[in-house]
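**Student:** Okay, here's the structure, questions in a sec.
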Amino acid sequence: MPGIMVTGGNGRARQLAAACPARARACCQPARSRKPPQFIAVAEHLSQGVPYRLSADDIFLTAGGTQAIEVIIPVLAQTAGANILLPRPGYPNYEARAAFNKLEVRHFDLIPEKGWEIDIDSLESMADKNTTAMVIINPNNPCGSVYSYEHLAKVAEVARKLGILVIADEVYGKLVLGSAPFIPMGVFGHITPVLSIGSLSKSWIVPGWRLGWVAVYDPRKILEETKISASITNYLNVSTDPATFIQAALPQILENTKEDFFKGIIGLLKESSEICYRQIKENKYITCPHKPEGSMFVMVKLNLHLLEEIHDDIDFCCKLAKEESVILCPGSVLGMENWVRITFACVPSSLQDGLERIKSFCQRNKKKNSINGC
Numbered sequence: 001m002p003g004i005m006v007t008g009g010n011g012r013a014r015q016l017a018a019a020c021p022a023r024a025r026a027c028c029q030p031a032r033s034r035k036p037p038q039f040i041a042v043a044e045h046l047s048q049g050v051p052y053r054l055s056a057d058d059i060f061l062t063a064g065g066t067q068a069i070e071v072i073i074p075v076l077a078q079t080a081g082a083n084i085l086l087p088r089p090g091y092p093n094y095e096a097r098a099a100f101n102k103l104e105v106r107h108f109d110l111i112p113e114k115g116w117e118i119d120i121d122s123l124e125s126m127a128d129k130n131t132t133a134m135v136i137i138n139p140n141n142p143c144g145s146v147y148s149y150e151h152l153a154k155v156a157e158v159a160r161k162l163g164i165l166v167i168a169d170e171v172y173g174k175l176v177l178g179s180a181p182f183i184p185m186g187v188f189g190h191i192t193p194v195l196s197i198g199s200l201s202k203s204w205i206v207p208g209w210r211l212g213w214v215a216v217y218d219p220r221k222i223l224e225e226t227k228i229s230a231s232i233t234n235y236l237n238v239s240t241d242p243a244t245f246i247q248a249a250l251p252q253i254l255e256n257t258k259e260d261f262f263k264g265i266i267g268l269l270k271e272s273s274e275i276c277y278r279q280i281k282e283n284k285y286i287t288c289p290h291k292p293e294g295s296m297f298v299m300v301k302l303n304l305h306l307l308e309e310i311h312d313d314i315d316f317c318c319k320l321a322k323e324e325s326v327i328l329c330p331g332s333v334l335g336m337e338n339w340v341r342i343t344f345a346c347v348p349s350s351l352q353d354g355l356e357r358i359k360s361f362c363q364r365n366k367k368k369n370s371i372n373g374c
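If you count the sequence shown from 1, position 318 lands on 318 in UniProt numbering, and the numbers rise without skipping.
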């Protein structure tokens, strides 16, 4: 299945690039400098929807959301014996970075039957005195869930009880497809410190521009007292800056992007998500426990007991790629064996074709005693 990103990328890139006038280029400053216009713009943008205002000093600019992870994890790993709590399933870059920095990883579960909510009991049972932080991804990659205010409040209270900070991966914050609104974790910064990761690449559909940020929601100044904010600053002082011309464009991008821009993107993704969910429900060999409400992804369980000589999710994905030229992400790499992640950020015709190929593959590989196959 071709991995075609939602259409209009080149046109949108030109529109966004036009937001960087010649006079703005003169104000470019590296990410480690304090209080230039791009930092102020991000602070004002992220202050919307939270009960207090961020300042430019609460913002760190990074070369995409990936570098934000690369900055935060080593800072947390400085304490000997420290561990971090990661969601299962989750985004594998966190685990890879933790392993690289010798930071112990412990997993808490997400519950498919409850809209992939965090298993609070699992979360609490994994923590000990050496736990420094937990990661929450909302809207969720890979599950497509969007968490409610009530659920996030519970998570914040547990984090406060455990004495840990929350790393909120919110790069899909504007890509909400259902009726549930996106609630920034920073709303609960007065309960427990929050480091929020965001970027242009997903919500503005400009992957490759490599402009991200870490926002510190910490009105009680706990991260300042514990020197975590200072450690992030020190790390960025010897790290690569985002492209200066993208930094210069950032204030106008954030201030002048019309709501219709996001409505158009969400409309395309919503149409694709409806197609994806409907066709999955028509295929008895796979099960989707929760309709996607955000991001670009959905997690699907493989009903391997109905399939012949398909041993696990890796086997399924390899054979599917070979026989049907459809590429799925095996759940094993995300922490969920015998599940797969489907990306629906595709042109509808390509998505429909890919899902039909998955169905044909399953029917061709069904167990011989399986009857009434769909």
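Ideal Cβ positions, reconstructed from N, Cα and C, are used throughout, including at glycine.
In the DSSP assignment, find the unbroken alpha helix (DSSP H) run with GLU274 in it and report its ends.
**Tutor:** Run containing GLU274: 259-281, per the alpha helix (DSSP H) assignment.
**Student:** Go through the region 59-125 residue by residue and report every complete run of the alpha helix (DSSP H) that reaches 4 residues or more, in order.
**Tutor:** Counting whole runs of 4 or more residues, the region 59-125 contains the alpha helix (DSSP H) stretches 64-76 and 92-100.
**Student:** What residue from ASN141, LEU175, SER295 and ASP315 has the CA that sits closest to LEU302's CA?
**Tutor:** Among ASN141, LEU175, SER295 and ASP315, the Cα nearest to that of LEU302 is on ASP315.
**Student:** Hey, how far is the Cα of residue 380 from the Cα of ASN140?
**Tutor:** This structure cannot speak to residue 380, because the chain is shown only from 1 to 374.
**Student:** Quick one: grab the DSSP three-state call for ALA330.
**Tutor:** The sequence given here places Pro at residue 330; Ala does not occur at that position. Here PRO330 sits in strand by DSSP.
**Student:** Please report the straight-line C-alpha distance between ALA243 and TRP204, rounded to a whole angstrom.
**Tutor:** If I take the Cα positions, the gap works out to 17 Å.
**Student:** Can you give me the C-alpha to C-alpha distance between ILE59 and PHE245, rounded to a whole angstrom?
**Tutor:** Whole-angstrom Cα-Cα distance: 18 Å.
**Student:** What is the rounded straight-line gap between the Cα of GLY306 and the Cα of ARG210?
**Tutor:** Residue 306 is actually Leu in this sequence, not Gly. One C-alpha to the other measures close to 43 Å.
**Student:** Whole angstroms is fine: what's the gap from ALA248's alpha carbon to PRO89's?
**Tutor:** Near 36 Å, if we compare the C-alpha coordinates of PRO89 and ALA248.
**Student:** With distances taken from CA atoms, which of GLU157, ILE164, SER179 and GLU324 is nearest SER145?
**Tutor:** Minimum Cα distance to SER145 is reached at SER179.
**Student:** Since ALA168 and ILE136 should fall inside the 8 Å C-beta cutoff, what is the C-beta to C-beta distance between them, to a whole number of angstroms?
**Tutor:** Correct: roughly 5 Å between the Cβ atoms.
**Student:** Roughly how many angstroms lie between the CA atoms of PRO193 and GLN352, to the nearest whole one?
**Tutor:** If I take the Cα positions, the gap works out to 43 Å.
**Student:** My output table needs one value for SER199: the three-state DSSP class, helix, strand or coil.
**Tutor:** Strand at SER199.
**Student:** Check each candidate in LEU334, GLY264, LEU165 and SER148 and name the one with the smallest Cα separation from PHE182.
**Tutor:** Of LEU334, GLY264, LEU165 and SER148, the residue nearest in Cα terms is SER148.
**Student:** To the nearest angstrom, how far is the alpha carbon of GLN29 from that of PRO36?
**Tutor:** At GLN29 the pLDDT is 49, less than 50, meaning the model places this residue with poor confidence; the figure from the coordinates comes in the next sentence. One C-alpha to the other measures close to 7 Å.
**Student:** Would you list the residues sitting across from TRP209 in a DSSP beta bridge?
**Tutor:** Bridge partners of TRP209: none, in fact.
**Student:** Are the Cβ atoms of GLU224 and ILE197 separated by less than 8 Å?
**Tutor:** No, the Cβ-Cβ distance between GLU224 and ILE197 is not below 8 Å.
**Student:** Can the beta-carbon of VAL42 be found less than 8 Å from the beta-carbon of LEU334?
**Tutor:** Going by C-beta atoms, VAL42 is not nearer than 8 Å to LEU334.
**Student:** In whole angstroms, what is the alpha-carbon distance linking SER199 and VAL187?
**Tutor:** Rounded to the nearest angstrom, the two C-alpha atoms are 19 Å apart.
**Student:** Can you tell me the Cβ-Cβ gap for CYS317 and VAL300, rounded? I've got them flagged as a contact below 8 Å.
**Tutor:** With a Cβ gap of about 12 Å, CYS317 and VAL300 do not count as contacting.
**Student:** Would ALA153 and LEU85 be called neighbours here (beta carbons separated by less than 8 Å)?
**Tutor:** No, they are not a contact pair.
**Student:** Measuring straight from C-alpha to C-alpha, what distance separates PHE108 and ILE164?
**Tutor:** C-alpha separation (whole angstroms): 15 Å.
**Student:** So, with DSSP's three-state summary, where would you put ALA26?
**Tutor:** Per-residue confidence for ALA26 stands at a pLDDT of 41, beneath the threshold of 50, marking its modelled position as unreliable; no derived number is given.
**Student:** ILE69 to GLN279, Cα distance in whole Å?
**Tutor:** Using only the alpha carbons, I get a separation of about 35 Å.
**Student:** Taking only runs that begin and end inside the region 288-362, name each unbroken alpha helix (DSSP H) of 4 or more residues, in chain order.
**Tutor:** For the region 288-362, whole alpha helix (DSSP H) runs of length 4 or above, ordered along the chain, are 313-324.
**Student:** Less than 6 Å between C-beta atoms, sequence neighbours within five positions excluded: which residues of the same chain meet that for ASN283?
**Tutor:** The residues are LYS359.
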